[in-house]
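Asks: Chains as they are written, first to last, in full-length UniProt numbering: chain A, 1 to 233; chain B, 1 to 233; chain C, 1 to 233; chain D, 1 to 233.
Protein chains: 4
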Amino acid sequence: MSKYDEIRQAAYEANMQLPKLGLVLFTFGNVSAVDRQEGVFAIKPSGVPYEDLSPDNMVIVDFESTIVEGSLRPSSDTKTHAVLYKHWEHIGGIVHTHSTYATAWAQSQRDIPIYGTTHADYLATDIPCAPPMSDEMIEGNYEYQTGFQILNCFQERGISPKEVEMMLVGNHAPFTWGKTAAKAVHNSAVLETVAQMALLTEQINPQAPRLKDALINKHYLRKHGPDSYYGQS
Amino acid sequence: MSKYDEIRQAAYEANMQLPKLGLVLFTFGNVSAVDRQEGVFAIKPSGVPYEDLSPDNMVIVDFESTIVEGSLRPSSDTKTHAVLYKHWEHIGGIVHTHSTYATAWAQSQRDIPIYGTTHADYLATDIPCAPPMSDEMIEGNYEYQTGFQILNCFQERGISPKEVEMMLVGNHAPFTWGKTAAKAVHNSAVLETVAQMALLTEQINPQAPRLKDALINKHYLRKHGPDSYYGQS
Amino acid sequence: MSKYDEIRQAAYEANMQLPKLGLVLFTFGNVSAVDRQEGVFAIKPSGVPYEDLSPDNMVIVDFESTIVEGSLRPSSDTKTHAVLYKHWEHIGGIVHTHSTYATAWAQSQRDIPIYGTTHADYLATDIPCAPPMSDEMIEGNYEYQTGFQILNCFQERGISPKEVEMMLVGNHAPFTWGKTAAKAVHNSAVLETVAQMALLTEQINPQAPRLKDALINKHYLRKHGPDSYYGQS
Amino acid sequence: MSKYDEIRQAAYEANMQLPKLGLVLFTFGNVSAVDRQEGVFAIKPSGVPYEDLSPDNMVIVDFESTIVEGSLRPSSDTKTHAVLYKHWEHIGGIVHTHSTYATAWAQSQRDIPIYGTTHADYLATDIPCAPPMSDEMIEGNYEYQTGFQILNCFQERGISPKEVEMMLVGNHAPFTWGKTAAKAVHNSAVLETVAQMALLTEQINPQAPRLKDALINKHYLRKHGPDSYYGQS
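In structure tokens, the structure reads:
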């Protein structure tokens with residue numbers, strides 16, 4: 001028994017959803033779950049195949065990326081998670097994958113335009129794609145700086161991680177988050193679907209217009225506004 | 001035992017087909033089954049994962065969207081179903097999904113052109129895409145007005161819901177129906193396949209012509225005309 | 001026991017491969033197996049779901065499309081099969097599907113160009129797409145005339161059904177055949193894969209050249225020529 | 001018991017991964033595993049379906065393609081494997097498939113551009129596509145010459161098979177290798193995913209730039225350089 005059992009279990013279960021949802025090949029992804037009271041999070045160990053994961057081998061790390069408990073090396077992306085947890089105090093879980101369509105948009109260095117209500121059920125703006133990082137950031141403490149690339153993107157655009165729970169790092173791949181690790185995984189699957197639909201939309205009609213404001217507001221607010229009434233179909 | 005057991009069972013079974021046929025992610029879809037004698041329909045509860053559905057938790061609603069029986073909240077799209085049942089007296093089941101290819105066509109705001117016999121086996125026209133709704137309709141009783149957007153589209157084009165059992169709401173997603181809930185689900189799967197084939201056809205040959213009238217008539221009438229003889233291969 | 005047990009079993013097993021190989025939605029496909037000595041073939045009954053098929057409900061039909069044995073209606077495409085068996089005396093099985101990529105090429109009314117060795121391992125030419133049938137043929141004995149559309153296409157191009165075991169009927173869908181029903185199904189799966197690869201090839205490089213003759217000859221002849229030595233990897 | 005049991009087992013297990021990873025249709029692929037001390041490798045027999053494979057029916061062949069042990073005919077691509085083992089002394093396993101996206105790039109005769117970090121996690125250059133072979137090479141000892149086409153491509157470009165473990169033979173299909181047969185299969189799956197992502201990237205943004213050098217170096221070196229610290233997420 002450990003006081004971290006709950007986040008270990010949550011991180012384990014969320015990580016195991018990634019292959020089931022078709023979001024990862026081999027070990028190309030990781031999920032973490034945070035304990036705000038203890039100031040630590042549980043994250044997937046590095047390079048361990050999904051079939052060998054268990055709650056026990058999740059690694060406990062604090063917001064300075066120091067290992068608190070666990071015998072395995074934490075995911076190489078741990079520093080990015082730590083930066084986000086430290087600066088975004090309301091989020092409870094983070095996911096990083098290289099899912100096919102979302103990664104293709106990241107490689108294309110384009111925001112994913114909001115083309116339909118599937119997208120607007122989750123966020124009221126395009127899905128942001130941060131520009132590729134500067135050489136200085138890359139050559140320095142890369143994974144740590146990746147966290148700041150994400151923070152800076154949101155600050156510059158004046159958008160809130162409470163309202164936009166998914167984004168792309170240019171040339172790299174998607175990150176999502178949420179109140180819990182499970183919700184962050186849910187968002188990863190939604191992002192992948194929305195990314196595919198957006199590409200198909202442009203292929204069917206290269207002049208497809210962005211969703212009109214009335215529909216954006218209706219769909220976003222019926223699920224997320226103070227008077228929300230919508231429970232996903 | 002309830003006099004609604006039959007439609008509860010039909011709605012339950014039809015809803016469970018959606019994930020099996022790959023037509024939904026999470027809870028992005030709903031099916032209802034009507035009892036014309038009682039003037040009510042059974043519909044999926046809102047936001048409940050497919051693995052937790054049972055015939056018992058289907059919600060019974062009348063054509064004014066009033067809950068008649070059931071402890072859970074009905075699907076948020078219930079009012080759209082109610083409007084269609086009220087005005088189209090011959091239909092027995094309705095499906096709404098956000099299936100990938102059909103939704104991409106809806107986002108593109110284009111009818112799906114009739115390019116081949118797979119399409120003509122089901123309907124003799126392009127698959128209609130209603131325009132996005134007016135701001136007034138969206139900001140008012142949105143899900144109720146969605147029903148009228150569908151009705152209006154069919155009326156303006158002079159097509160019958162008996163002959164065209166599938167359509168797209170622009171910027172939103174597909175709706176299908178049929179004599180039974182099971183047939184409505186069948187139509188949803190056909191729509192998704194036809195939507196994918198139509199995009200691929202345009203990619204292979206941007207000048208691909210619509211299907212000629214003789215083939216449309218032959219394929220549609222051999223399955224649906226008074227002298228139909230065709231049982232789907 | 002019936003003297004047709006062998007072809008019933010062969011037709012049954014081959015039909016059951018179609019959903020396993022992802023080549024059919026619902027009942028959009030059919031396979032037949034011929035008995036040359038008896039002058040009959042066994043074919044899937046019309047409109048029966050794959051899960052309800054058994055060797056017993058395959059229908060036995062002669063080359064004039066007359067039912068010889070069986071209580072169910074044979075596939076609506078039976079006349080096309082009958083015409084091909086009657087005129088192409090060496091073939092042992094026939095498959096018709098509406099598989100996604102092959103059907104998209106048929107709808108595009110284009111031959112599938114020979115772009116690589118995967119294609120050349122099976123045939124030394126483009127995969128022919130017969131033009132859509134004339135209105136006269138369509139309005140007459142349609143399924144019977146479909147057989148002649150296929151025969152005419154091969155005759156006009158001077159290609160042999162021994163060397164080219166797959167083709168597309170324009171605006172409709174693919175047909176394949178082979179020495180046995182199992183081989184015909186194998187060819188259907190190969191056609192679908194080659195059709196997808198050819199579209200992707202054109203998307204990656206719109207100027208992609210056809211395969212050079214030396215490679216066509218090498219790959220085709222090492223599997224099919226008199227000195228063949230190749231057993232599919 | 002045989003002194004080749006270990007490579008037979010390794011080749012068997014690696015071959016069985018190909019259908020599980022969706023990299024082969026029917027028997028369109030083969031894997032081999034080498035024993036450097038004995039100067040032989042174990043390879044899949046020709047034309048045997050995956051479900052009938054066992055460690056026992058792997059064929060043992062030396063670097064001149066002479067069968068050393070085994071009653072079945074070795075894969076038709078055996079000579080290509082032999083040439084690569086003979087000239088690249090550090091590789092332990094080789095895979096050849098006709099996986100869909102990688103083959104489409106090969107048919108397009110284009111290198112796969114390095115567009116993102118998923119690619120850079122594995123190699124620091126574009127994935128090379130060797131030109132189609134000369135008629136002389138094709139008409140001669142074809143499978144043997146295919147090995148030299150691969151060797152020549154690497155030599156001309158001045159790249160090392162230690163650093164680039166995957167490539168395409170123009171108009172044909174991909175080959176991958178690695179320290180073990182299992183790693184070579186891993187590389188085949190990565191290649192297929194990277195090939196799909198690269199096509200999608202060009203579809204989303206035809207002007208998508210290649211990955212910047214700082215990101216290539218960071219991602220490649222954190223996994224492969226002398227100071228590597230990365231364990232695949």
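Think of the CB as a built atom: it goes at the ideal place given N, C-alpha and C, for glycine as much as any other residue.
Does the Cβ of Ser233 (chain D) have 16 or more other Cβ atoms within 10 Å, making it buried, or fewer, making it exposed?
Replies: No answer about Ser233 (chain D) holds up, because its pLDDT of 46 lies below 50 and its placement is not dependable.
Asks: Whole angstroms are fine: how far does the CA of Leu21 (chain A) sit from the CA of His96 (chain A)?
Replies: Their backbone Cα atoms lie some 14 angstroms apart in a straight line.
Asks: Just to confirm before moving on: does the CB-CB distance between Ala214 (chain A) and Ile127 (chain B) stay below 7 angstroms?
Replies: Not a contact, by the Cβ cut-off of 7 angstroms.
Asks: Mind pulling the beta strand (DSSP E) runs of 3 or more residues that sit fully within the region 154-199 of chain C?
Replies: As far as the region 154-199 of chain C is concerned, its whole beta strand (DSSP E) runs of at least 3 residues are 166-169 and 174-178.
Asks: How is the alpha helix (DSSP H) around Glu13 (chain B) delimited, first residue to last?
Replies: It spans Asp5 to Lys20 - the alpha helix (DSSP H) in which Glu13 (chain B) sits, taken as one unbroken run.
Asks: Could you name the residues of chain C that Tyr85 (chain D) contacts, counting a contact when the two beta carbons are closer than 7 angstroms?
Replies: Those within 7 angstroms of Tyr85 (chain D) in chain C number zero; the least Cβ separation is about 18 angstroms.
Asks: Applying the criterion that 16 or more other CB atoms from any shown protein chain within 10 Å of the CB defines a buried residue, is Glu51 (chain D) buried or exposed?
Replies: When all chains shown are included, Glu51 (chain D) counts as exposed.
Asks: Under 7 angstroms between beta-carbons, which chain D residues line up against Phe117 (chain C)? List them in chain order, please.
Replies: Checking the sequence shown, residue 117 (chain C) turns out to be Thr, not Phe. Neighbours of Thr117 (chain C) on chain D, chain order: Asn171, His172 and Ala173.
Asks: Check whether chain D comes within 7 angstroms of Ala10 (chain C), counting only Cβ atoms and requiring the distance to be less than that.
Replies: Not an interface residue.
Asks: Within 7 angstroms (strictly less), CB to CB, does Asp227 (chain B) reach chain A?
Replies: Not closer than 7 angstroms to any Cβ of chain A, the Cβ of Asp227 (chain B) fails to qualify, so no.
Asks: Flag His224 (chain C) as yes if its beta-carbon sits less than 7 angstroms from any beta-carbon of chain D, otherwise no.
Replies: Chain D contact via Cβ: absent.
Asks: Is there a Cβ of chain D sitting closer than 7 angstroms to that of Ile138 (chain A), yes or no?
Replies: So yes, Ile138 (chain A) belongs to the interface.
Asks: Look at Lys79 (chain B) and Glu136 (chain B) and say whether their C-beta atoms are less than 7 angstroms apart.
Replies: The answer is no: Cβ separation not under 7 angstroms.
Asks: With DSSP run on the structure shown, which of helix, strand or coil describes Ser233 (chain A)?
Replies: At Ser233 (chain A), the pLDDT of 46 sits below 50, so the modelled position is not reliable and the matter cannot be decided from this model.
Asks: Between the C-alpha atoms of Pro49 (chain A) and Thr27 (chain A), what's the straight-line distance to the nearest angstrom?
Replies: Rounded to whole angstroms, Pro49 (chain A) to Thr27 (chain A) spans 6 angstroms at the Cα level.
Asks: With distances taken Cα to Cα, identify the nearest neighbour of Asp35 (chain D) among D:Lys86, D:Arg157 and D:Asp111.
Replies: Measuring from the Cα of Asp35 (chain D), the nearest candidate turns out to be D:Lys86.
Asks: Which residues of chain A have a Cβ atom closer than 7 angstroms to the Cβ of Gln17 (chain D), listed in chain order?
Replies: Per Cβ cutoff of 7 angstroms: no residues; Gln17 (chain D) is ~11 angstroms from chain A at best.
Asks: Quick check on the DSSP output: the beta strand (DSSP E) that includes His96 (chain C) runs from which residue to which?
Replies: Segment Gly93 to Thr97, the beta strand (DSSP E) holding His96 (chain C).
Asks: Considering Ser75 (chain C), what are the terminal residues of the beta strand (DSSP E) in which it resides?
Replies: Segment: none, Ser75 (chain C) is in no beta strand (DSSP E) and carries neither H nor E.
Asks: Just checking my contact of Ile195 (chain D) with Ala124 (chain D) at CB under 8 angstroms: how many whole Å lie between their CB atoms?
Replies: The sequence given here has Ala at residue 195 (chain D), not Ile. That pair is no contact at about 17 angstroms.
Asks: Determine the chain B residues that contact Ile204 (chain A) at a beta-carbon separation under 7 angstroms, and present them in chain order.
Replies: Under the 7 angstroms cutoff, chain B gives Ala104, Trp105, Ser108, Arg110 and Leu199.
Asks: On the premise that Gly178 (chain B) lies in contact with His186 (chain B), defined as a C-beta separation below 8 angstroms, what is that separation, rounded to the nearest angstrom?
Replies: Sure, about 7 angstroms apart at Cβ, within 8 angstroms.
Asks: What are the partner residues of Asn30 (chain C), as DSSP defines its beta bridges?
Replies: DSSP lists C:His96 as partners of Asn30 (chain C).
Asks: His219 (chain A) touches chain D at which residues, Cβ-Cβ below 8 angstroms?
Replies: Those within 8 angstroms of His219 (chain A) in chain D number zero; the least Cβ separation is about 24 angstroms.
Asks: When DSSP builds the beta bridges, which residues end up paired with Glu143 (chain D)?
Replies: Answer is none; Glu143 (chain D) lacks a bridge partner.
Asks: In terms of residues, what are the limits of the alpha helix (DSSP H) holding Ile216 (chain A)?
Replies: From DSSP, the alpha helix (DSSP H) with Ile216 (chain A) extends over Asp213 to His224.
Asks: CB-CB under 6 angstroms to Arg8 (chain B), same chain, minus the five flanking residues each way: which ones, in chain order?
Replies: So the list reads Ala42, Pro55 and Met58, once near-sequence residues are dropped.
Asks: Using a beta-carbon distance below 7 angstroms, is Leu211 (chain C) in contact with chain D?
Replies: It does; some Cβ of chain D falls within 7 angstroms.
Asks: By the criterion of Cβ-Cβ separation under 8 angstroms, what are the contact partners of Leu25 (chain C) in chain B?
Replies: Chain B residues near Leu25 (chain C): Ala189, Val190 and Thr193.
Asks: Going along chain A in order, which residues have a C-beta closer than 7 angstroms to the C-beta of His98 (chain B)?
Replies: Within 7 angstroms Cβ-Cβ: Thr118.
Asks: With H, G and I counted as helix, E and B as strand and the rest as coil, what does DSSP make of Ala102 (chain D)?
Replies: Note: Ala102 (chain D) maps to helix in three-state DSSP.
Asks: Looking at chain D, is there any beta carbon in it that lies within less than 7 angstroms of the beta carbon of Ala181 (chain C)?
Replies: By this cut-off, Ala181 (chain C) is not an interface position.
Asks: Compare the C-beta of Pro215 (chain B) with all C-beta atoms of chain C and state if any pair is closer than 7 angstroms.
Replies: Note on residue identity: the sequence assigns Leu, not Pro, to residue 215 (chain B). Leu215 (chain B) counts as touching chain C.
Asks: Going by other Cβ atoms of all chains shown within 10 Å of its Cβ, with 16 needed for buried, is Gln155 (chain D) buried or exposed?
Replies: Exposed.
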